[in-house]
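Note sheet for the following structure.
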Amino acid sequence: MSNPRLDTTATDQVFEIPATPPGDVRNNNAYSVGSYFSSTASTALIITSWYLSNIGVLLLNKYLLSFHGYRYPIFFTMLHMISCSAYSYASINFLDLVPLQHIHSKQYQNRFNRSGLRDNLDAYAAELRNLAMKILEMMAKALRMEHNDIRSLFEDGFQAMRMNYYPPCPQPELVVGLNAHSDAVGLTILLQVNELEGLQIRKDGRWIPVKPLPNAFIVNIGDILEIVTNGNYRSIEHRAIVNSVQERLSMATFYSPSLEVDMGPAPSLITPESPALFKRIGVADYFRGLFSRKLEGKAYIDAMKIQNEEHK
């Protein structure tokens with residue numbers, strides 16, 4: 032059975048960014064990205080890409096590894112699948128983890144002014160940044176953490192946004208919208224745009240559907256927050272499924288520490304009775320390691336545990 036392919040001749044109709052292949056990646060034109068622009072950040076800033084899964088087949092599993100040191104692609108175009116059948120379906124990602132601070136680039140100023148879209152995204156992003164910091168500070172207070180343990184990491188943190196569109200599929204039992212995983216970031220704030228169920232979380236080995244609530248956010252704890260709180264708060268494994276009746280829309284905002292700092296269990300939480308469970312690592316190195324692996328449950332954070340290091 033042939034592998035799914037993406038339509039690399041398409042044009043992103045939302046932002047009018049031509050779809051152009053990113054270069055010779057495995058001699059395969061199954062990938063398309065928008066324009067490139069300069070960045071002083073290292074390869075950790077390849078957060079603009081994320082693994083899409085198709086029945087466990089990772090469409091982008093070698094993509095990032097082929098670009099050590101490459102610069103930020105500003106947008107992926109829409110990913111068009113040839114049909115909704117087994118081995119040929121994936122979510123269509125309109126904006127794939129956009130680094131919000133770069134939206135202000137003058138080079139792209141006119142492309143983001145579609146009927147107030149730019150202003151609305153600016154306002155939405157600012158409000159969610161404030162909300163994320165409030166949530167993080169309250170969670171830290173509940174653990175009696177030192178105030179600076181959270182603020183020094185997240186105050187100038189990295190924020191990204193992703194919009195997902197899952198079209199209806201005639202055979203939803205044969206496909207997975209997005210593989211089971213935990214978010215590698217600090218905090219995820221998810222807005223389920225329509226009232227269609229599709230998000231599921233794993234609890235006690237079972238998948239539990241999360242019913243969308245009108246005018247409400249879902250807040251997911253990510254792997255970074257589990258590390259910083261030394262396991263007191265656990266990241267949640269989740270997945271996305273599709274259905275045959277209606278499309279599903281969601282909008283996720285991710286919040287992580289600054290890429291220029293180191294992270295590890297907060298010093299105020301480490302005692303002789305509660306030793307550090309995770310090693311310290313630079314945030315940039317953390318994301319480099321993330322994108323060298325498959326999107327697979329909580330495998331990455333498990334690899335960050337100190338006991339795993341000691342038994343290698």
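The sequence shown lines up with residues 32 to 343 when you count with the numbering used here. C-beta atoms are modelled at their ideal positions from N, C-alpha and C, and glycine is treated no differently.
Exposure label - residue i; buried when at least 16 CB within 10 Å
i: MET169; result: exposed
i: ALA121; result: Confidence at ALA121 is low in this model, with a pLDDT of 41, below 50, so the placement of that residue should be treated as unreliable; the coordinate-derived value is given next. It counts as buried.
i: GLN190; result: buried
i: SER114; result: At SER114 the pLDDT is 37, less than 50, meaning the model places this residue with poor confidence and gives no usable figure here.
i: LYS329; result: buried
i: ARG193; result: buried
i: PRO296; result: buried
i: ASN151; result: exposed
i: GLN223; result: buried
i: ALA163; result: buried
i: LEU209; result: buried
i: LEU221; result: buried
i: ASN161; result: exposed
i: PRO306; result: exposed
i: PRO243; result: buried
i: ASN179; result: exposed
Contacting residues, own chain, Cβ-Cβ under 6 Å from residue i (five flanking each side not counted)
i: ARG279; result: TYR197, LEU227 and GLY229
i: GLY262; result: LEU308
i: GLY217; result: GLY253, ILE255, LEU256, TYR286 and SER287
i: SER136; result: In this predicted model, SER136 has a pLDDT of only 48, less than 50, meaning its place in the structure is not dependable; the value taken from the coordinates is given anyway. Cβ neighbours of SER136 beyond the five flanking positions: none.
i: SER116; result: Here the model assigns SER116 a pLDDT of 41, short of 50, so the residue's position is not dependable and the matter cannot be decided.
i: ASN274; result: PRO203
8 Å Cβ shell around residue i - same chain, five flanking residues per side excluded
i: GLN231; result: TRP238, ILE239, PRO240, VAL241, HIS269, ARG270, ALA271 and ILE272
i: SER266; result: SER213, ASP214, ASN251, ILE252, GLY253, ASP254, LEU256, GLU257, LYS329 and ILE332
i: PRO245; result: GLU226
Sub-9 Å separation of residue i and residue j beta-carbons
i: THR302; j: THR219; result: no
i: PHE185; j: SER289; result: yes
i: LEU300; j: ALA215; result: no
i: ARG175; j: ALA211; result: no
i: MET282; j: ILE312; result: no
i: PRO298; j: GLU177; result: yes
Neighbourhood of residue i by C-beta distance below 7 Å, restricted to the same chain and skipping five residues each side
i: ILE181; result: LEU167, GLU168 and ALA171
i: VAL276; result: PRO199
i: ASN225; result: ARG279 and LEU280
i: TYR264; result: MET170, ILE252, LEU256 and GLU257
i: ASP187; result: SER289
i: ASP235; result: none
i: VAL259; result: LEU184, MET294, PRO296 and ALA297
i: ILE337; result: ALA307, LEU308, PHE309 and LYS310
Residue i - partner residues in DSSP beta bridges
i: MET294; result: ILE312
i: PRO306; result: DSSP, once it has assigned bridges, lists no residue as partnering PRO306.
i: TYR317; result: Bridge partners of TYR317: none, in fact.
i: GLY328; result: HIS212
i: PHE189; result: SER287
i: LYS336; result: PHE309
Legend entry - Those runs of the beta strand (DSSP E) which lie wholly inside the segment 209 to 273 and span at least 3 residues: Every beta strand (DSSP E) stretch that sits fully inside the segment 209 to 273 and reaches 3 residues is listed by chain position as 209 to 212, 218 to 223, 230 to 234, 237 to 240, 249 to 252 and 269 to 271.
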